[in-house]
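Worksheet: one structure, shown below.
Residue numbers (the numbering used here), protein chains in the order written: chain A, 1 to 244; chain B, 1001 to 1149.
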C-alpha cells in the first residue's frame, strides 16, 4: 500500500488530528529516535496537484505546532510502513535524530524584498553620468534611430540595478543577522527582487527578528517593500546524506 | 492555518505578513526543498505548473535592456530623497533609526550619489567576501546557502 510521507517527527510525537491527502488519516511510523508522519494512499493512480501540495503544507504546519518536524519534499511515496521504517528511519537514523535535535525550537521564515522600481531607476540616473547622458541622447529620437543606444542604456541600468541588488541584499541580511541562525538565499524571480531568502530563527526570537525586519522596512519605506512568510517548518535547512 | 502558540507576529506595520497558506508561498519550497531519499516511489507531479522553477533564473536579455531603457525614459526626474541600505547600516549603528525625510544633500553620508567608481569596489561590505555566495556569469544566478551548523 503506497505510503505518503510528510515529514520526520520525534519518536514520541502523535499524529495531528487532521486528515492527509485524499482524506486518509495521518499516522506516525516510529523508528529508533525518529518517526515518520505518513498517510496511506489508495492503491491506484493518484492525482497529485495543487490541492495536495497545500494539504502537505497544512499537515506540516500542524505538526510544527506540536513540536519539531523535518519536512519531506513533496511527492515522497514509499511502499508501506515497513519500507518507511527500514529505508527511511533505520537507514538514516543517526542523521534524522541529529537534525531533530538541532532544529528543535527553530522555525523558518521567508523574507522577500522588492524594489519600488521608479525610485531605484532615479537613483541609477543620478548616480551614473553615462546613464543620464544616454537617457538624454535617446529621448527625442525615434525608436529605430536609437535602437542600439537604448540597448546600451538598458544594459547600464540593468548593471546598476544588479550592483544595488547585491549591496542592498547583503545589507538586509546583515541587519537581520543578530536573530538569524542560518540563511538560505534564493534566486530572485525577477529584476525588481532585491533578495528572497529563508531564515532559520529560534521560535522564542521570532518577535525580535520581526522587530529587526520592521526597522529595515520602515527606513526603506518607499524604496523597498518587504514581505514576511511563515513561520513554517525548516524546509530549507534539512538535508539527508546517503544512507549507511 | 494553525498558529504557533505565543508566536504570532504583531499586526503589520511596514512589513507585509502572511502565514504560508498561499500556494505560491509553499509551492517553491515544497517542490524544491525538504528531505528526499534515494529509494522512493515518486509520484509524478500531475497538474502542477513547474514553470516557477525555471522562472526563478534571471537571465539578462535584450528585452530586459529595452524595458529598462523605456522605464528610465518614462521617469520624471526630480530630486530623490531615498537613502540606500549601506548608509542605513551606518545610521542604525550610530543614531538608531534614520529619518527618511533627509534630502539628497543633507542625508548622503557615503558616496551614494555621483560616485559610480565605488560601485566596482565591493570591499565596502566587509562581509561580502566571507559569504559563500557563488557568482557565475553576469547573466545567471545560482542558489547559495550559508548554514549555521
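Virtual Cβ for every residue (Gly too), placed ideally from N, Cα, C.
For clarity, every value in this text was computed on a predicted model and none was experimentally measured.
Neighbour flag for residue 136(A) against chain B, beta carbons, 8 Å: no
Span separating the alpha-carbon of residue 164(A) from that of residue 47(A): 44 Å
Alpha-carbon spacing of residue 67(A) relative to residue 196(A), whole angstroms: 26 Å
Chain B within 8 Å of residue 133(A), Cβ atoms only: no
Within 9 Å of chain B by C-beta, residues of the region 216-229 of chain A in sequence order: 216, 217, 218, 219, 220, 221, 222, 223, 224, 225, 226, 227, 228 and 229
Exposed unless 16 or more other CB atoms sit within 10 angstroms - verdict on residue 177(A): exposed
Cross-strand partners of residue 30(A) (DSSP beta bridge): 35(A)
Which listed residue (173(A), 134(A), 179(A) and 168(A)) has its alpha carbon closest to that of residue 223(A): Closest option to residue 223(A), judged by alpha-carbon separation, among 173(A), 134(A), 179(A) and 168(A): 168(A).
Residue 140(A) burial status per 10 Å Cβ neighbour count (16 or more: buried): exposed
Where residue 1028(B) falls: helix, strand or coil (DSSP): It is helical.
Three-pair Cβ contact test at 8 Å for the region 142-151 of chain A versus the region 172-189 of chain A: no
Alpha-carbon spacing of residue 191(A) relative to residue 128(A), whole angstroms: 19 Å
Extent of the continuous alpha helix (DSSP H) run through residue 98(A): 93-103
Residue 106(A), buried or exposed, once every other Cβ within 10 Å from all chains shown has been counted against 16: buried
Pair within 8 Å by beta-carbon distance, residue 138(A) and residue 132(A): no
Complete runs of the alpha helix (DSSP H) confined to the region 198-223 of chain A [at least 4 residues]: 206-219
Cβ pair residue 114(A), residue 194(A) closer than 8 Å: One thing to note: residue 114(A) has its Cβ within 8 Å of the Cβ of residue 194(A).
Separation of residue 89(A) from residue 219(A), as counted between CA atoms: 47 Å
Neighbour-count burial assignment, residue 217(A), 16 or more Cβ in a 10 Å radius: Residue environment: residue 217(A) is assigned as buried (16 or more neighbouring CB atoms within 10 Å of its CB, all protein chains considered).
Length of the line joining the Cα atoms of residue 57(A) and residue 103(A): 18 Å
Host beta strand (DSSP E) of residue 1017(B) (start-end): Taken as a continuous stretch (DSSP letters only), the beta strand (DSSP E) holding residue 1017(B) covers 1015-1018.
C-alpha gap between residue 143(A) and residue 1068(B), whole angstroms: If I take the Cα positions, the gap works out to 14 Å.
Simplified DSSP state of residue 12(A), which is helix, strand or coil: DSSP, reduced to helix, strand and coil, places residue 12(A) outside both helices and strands of the structure shown, so it counts as coil.
Beta-bridge partners of residue 110(A), as assigned by DSSP: 198(A) and 229(A)
Test item: CB-CB of residue 78(A) and residue 5(A) under 8 Å: yes
Closer than 8 Å to chain B by CB, residue 20(A): no
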